[in-house]
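Enquirer: Here the sequence shown is numbered in full-length UniProt numbering, starting from 1 and rising by one per residue. Note that CB positions come from ideal geometry on N, CA and C, so glycine has one too.
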Amino acid sequence: MMRRAVEGIVPVMLTPMDNGGAIDWEGLENLVDWYIEHRSDVLFAVCQSSEMQCLTLDERVALSKRVVELAGRKLPVISSGHISTELDDQIAELKAVADTGVDALVLVTNRLDPENKGTEAFRAHFDALIAALPSDMPLGLYECPAPYRRLLSDDEFKLCRDSGRFVVLKDVSCDLATVQRRVELAQGSPLAVINANAAIAFDAMRAGSKGFSGVFTNFHPDLYVDLYERRTEHGGEIEELKVFLAIAAMAEPMGYPKLAKLYHNRLGTFAEAGSRVIQYDVEKNHWAADVLLNHIQEGTEYWRERLHHSGNER
């Protein structure tokens with residue numbers, strides 16, 4: 001069933017909402033267009049940045065289906081929405097998302113071991129899900145930080161690799177040595193390791209990470225495309241870009257994902273910044289957040305112009 005490779009720059013999609021928390025479907029259409037315009041390679045349609053823990057199953061399914069309709073002819077779409085605790089509920093929700101036409105169905109690692117009991121529990125849950133899900137559906141893994149970050153052990157990674165079912169891991173170890181080790185373990189398999197941490201993004205790309213899937217793909221995915229395309233370069237401009245992207249991403253604790261929605265309000269992608277996860281006033285609770293967004297926007301525009309000229313000269 002896998003039509004296209006899941007690699008490159010993979011934005012973790014926002015769910016546009018009005019100030020009352022209702023999904024803004026017109027805003028979603030504009031947002032998908034924005035991701036495509038800014039050179040994204042794959043869309044991760046339902047994930048933590050989408051506020052999936054606060055969405056009903058019907059909403060998760062509808063979001064996944066709509067993103068496939070809007071973007072599926074242009075680039076691959078992957079989706080999760082894997083939030084339940086009980087196995088039967090997980091099977092039901094994953095089958096429902098699988099039916100939306102996504103290129104890969106993403107399993108959340110902490111849902112494979114909901115009570116954090118260890119590898120034995122992980123394997124039992126893994127075996128049950130693999131047996132229940134459509135055999136032709138490519139799968140992914142996501143070390144989602146909520147409700148807790150459940151990193152894969154090397155043995156668990158090998159279990160997933162050796163099943164032949166998995167095509168992507170969104171790596172949230174935030175540790176370059178772990179990314180490097182996993183890349184080596186994945187050699188010869190279809191499993192692509194994609195780092196999600198901006199601080200190590202460039203070095204992880206150089207070490208074999210098949211792209212990037214961090215939260216600041218909601219601000220400047222195209223700059224990460226340039227970083228990835230030039231990952232073999234040393235020094236000079238690419239090192240400066242690496243630093244800008246790492247520092248900009250440090251704004252994440254300032255009310256993300258609502259912070260990113262405020263950014264898109266500035267861009268005109270959608271009109272309101274409603275969020276079910278962040279319901280407080282970001283600009284009031286995080287001092288000078290609006291000024292920081294100014295700097296991020298100005299820096300992004302500067303780098304786009306600079307890289308455009310640099311590309312013309314190369």
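Out of curiosity, what's the CA-to-CA distance linking T232 and R206?
Expert: Taking the first residue of the sequence shown as 1, we reach residue 232 at position 232. Taking the first residue of the sequence shown as 1, we reach residue 206 at position 206. Their backbone Cα atoms lie some 7 Å apart in a straight line.
Enquirer: What does the Cβ neighbour count give for I296, buried or exposed, with the cut at 16 atoms within 10 Å?
Expert: The residue given as residue 296 occupies position 296 in the sequence shown. It counts as buried.
Enquirer: Can you check whether the CB of L75 is closer than 9 Å to the CB of D33?
Expert: Position 33 of the sequence shown, counted from the first residue, corresponds to residue 33. Position 75 of the sequence shown, counted from the first residue, corresponds to residue 75. Not a contact, by the Cβ cut-off of 9 Å.
Enquirer: Apart from the five residues on each side of it in sequence, which residues of its chain come closer than 6 Å, Cβ to Cβ, to R39?
Expert: Taking the sequence shown and counting its residues from 1, one reaches residue 39 at position 39. Taken in chain order, the residues that qualify are D222, V225.
Enquirer: For the structure I just gave you, are there three or more beta carbon pairs, one from the region 275 to 286 and one from the region 256 to 263, closer than 8 Å?
Expert: With a cut-off of 8 Å, the region 256 to 263 and the region 275 to 286 count as touching, because enough Cβ pairs lie within range.
Enquirer: Where DSSP assigns a beta bridge to G140, which residues make up the other side?
Expert: The residue given as residue 140 occupies position 140 in the sequence shown. Partner(s): V106, V168.
Enquirer: Tell me where the alpha helix (DSSP H) around I91 begins and ends.
Expert: Here residue 91 is taken as the residue at index 91 of the sequence shown, counted from 1. It spans 87 to 98 - the alpha helix (DSSP H) in which I91 sits, taken as one unbroken run.
Enquirer: For G211 and L43, I'd like the C-alpha separation in whole angstroms.
Expert: Looking up residue 211 in the sequence shown gives position 211. Looking up residue 43 in the sequence shown gives position 43. So the alpha carbons of these two residues sit roughly 13 Å apart.
Enquirer: Whole angstroms is fine: what's the gap from G8's alpha carbon to T100's?
Expert: Here residue 8 corresponds to residue number 8 of the sequence shown, with the count starting at 1. Here residue 100 corresponds to residue number 100 of the sequence shown, with the count starting at 1. For G8 and T100, the distance between alpha carbons rounds to 22 Å.
Enquirer: Taking a contact to mean a Cβ-Cβ separation below 9 Å, would you say L139 touches K95 in this structure?
Expert: Along the sequence shown, read from residue 1 onward, the residue named residue 139 stands at position 139. Along the sequence shown, read from residue 1 onward, the residue named residue 95 stands at position 95. No. Outside cutoff.
Enquirer: Between V12, R123, A5, G20, which lies nearest to G274 when the distance is taken from Cα to Cα?
Expert: On the sequence shown, position 274 is the one that residue 274 refers to. Residue G20 is the option with its Cα nearest to G274.
Enquirer: Are the Cβ atoms of I130 and R161 separated by less than 9 Å?
Expert: Numbered from 1 along the sequence shown, position 130 holds the residue referred to as residue 130. Numbered from 1 along the sequence shown, position 161 holds the residue referred to as residue 161. The answer is no: Cβ separation not under 9 Å.
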